[in-house]
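Structure first, commentary second.
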Amino acid sequence: LQTNAQVSDQGFTTSSGLRLELCDRWACLLRVAKAPRDTIRLTLQAMASLFHFTKAVGGWTAAGRLAEVLLDRCEDNLAEDEREQAEHVLQAARHEAVARGAGGGFVSGACPSCKAPLEPLARRCDACGAELAVDFGTRQLCDVRSSVKCNLCASVFCNRSAPFAPAARTKESERRRVGGLCQPVRSKTCSACGVGELRPWR
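Numbering (our numbering), first residue to last: 482 to 683.
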């Protein structure tokens, strides 16, 4: 994610916008369905990244919450050095919160429906009940109640921005178009895989 943002450590110390972008990227990535060990690995990476780069925008609070989740739910699956790292981040984040009263809720993501701060790794908004997913096109959190999902590759698109791929032309459809029997229409083919059909989430 740091590479995608095309920034260096020096850039993060001078640009809060880039730091917030990094927080937003992690908020999305951690909510993508993954295997359990991949979830732990990426949560550790997110914790370290937020702890190292985003203190100035409240990222230590989010890093501390991730450390707390790891130690509460995944401690048996953590290596010794991973557990020590999580304990260090949690302790530092707690001290920082006491010293500065930092909130840092939004660096874990904001609900796309009601804009309330989200808990790290939460798949549902506690405030309004929105079920969360990541829009494939915008790479932003979205509410699945206003989204469509590919029935083949499971990519999710917000209904307002779902990019429909052009329908594949067959000899019959071309013959009918040339003969004036029908007008070409846009299909609901998924633009991510180019094969599946976009359907309402439910």
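Note that beta-carbon positions come from the ideal geometry of N, C-alpha and C, so glycine has one too.
Rounded straight-line distance, which links the Cα of residue j to that of residue i
| i | j | result |
| --- | --- | --- |
| Cys-595 | His-576 | 30 Å |
| Gln-572 | Gly-675 | 47 Å |
| Phe-686 | Leu-602 | The question about residue 686 has no answer, for the chain in this structure spans 482 to 683. |
| Ala-543 | Leu-531 | 7 Å |
| Val-570 | Asp-616 | 30 Å |
| Ala-635 | Gln-566 | 34 Å |
| Glu-600 | Pro-517 | 19 Å |
| Ala-597 | Cys-509 | 15 Å |
| Lys-536 | Ile-521 | 22 Å |
| Asn-558 | Glu-568 | 15 Å |
| Leu-525 | Gln-621 | 21 Å |
| Glu-556 | Glu-549 | 10 Å |
| Ala-529 | Arg-554 | 18 Å |
| Ala-560 | Val-538 | 30 Å |
Local Cβ density within 10 Å of residue i, reported as buried at 16 or more and exposed below that
| i | result |
| --- | --- |
| Asp-607 | exposed |
| Ala-673 | buried |
| Gly-498 | exposed |
| Thr-619 | exposed |
| Val-637 | buried |
| Cys-609 | exposed |
| Ala-574 | buried |
| Val-666 | Because Val-666 sits at a pLDDT of 42, beneath the cut-off of 50, its placement in the model cannot be relied upon, and the following sentence gives the value as read from the coordinates. Val-666 should be labelled exposed. |
Contacts around residue i, its chain only, beta-carbon distance under 6 Å, and the 5 residues preceding and following it disregarded
| i | result |
| --- | --- |
| Trp-682 | Val-625, Ser-628 and Lys-630 |
| Trp-436 | Because the chain here runs from 482 to 683, residue 436 falls outside it and cannot be looked at. |
| Ala-611 | Cys-592, Ser-594 and Asp-624 |
| Cys-639 | Asp-616, Cys-623 and Ser-628 |
| Gly-677 | Cys-631, Asn-632, Leu-633, Cys-634 and Cys-671 |
The ligand GDP heavy atom lying under 8 Å from the CB of residue i
| i | result |
| --- | --- |
| Ala-548 | Summarising the ligand content, the structure contains no ligands, and the ligand GDP is consequently not present. |
Residue i and residue j closer than 9 Å at C-beta
| i | j | result |
| --- | --- | --- |
| Glu-563 | Leu-551 | yes |
| Lys-515 | Leu-523 | yes |
| Lys-545 | Arg-500 | Looking at the sequence shown, residue 545 is not Lys but Gly. The answer is no: Cβ separation not under 9 Å. |
| Asp-505 | Gly-590 | yes |
Below-9 Å beta-carbon distance, residue i vs any chain D residue
| i | result |
| --- | --- |
| Cys-504 | This model lacks chain D altogether, as it is built from one protein chain only. |
7 Å Cβ shell around residue i - same chain, five flanking residues per side excluded
| i | result |
| --- | --- |
| Arg-680 | Val-629, Lys-630 and Asn-632 |
8 Å Cβ shell around residue i - same chain, five flanking residues per side excluded
| i | result |
| --- | --- |
| Arg-604 | Arg-512, Glu-612 and Leu-613 |
Query raised in the report: Going along the chain, which unbroken runs of the alpha helix (DSSP H) with 4 or more residues stay wholly within the stretch 550-610?
Result: 561-581
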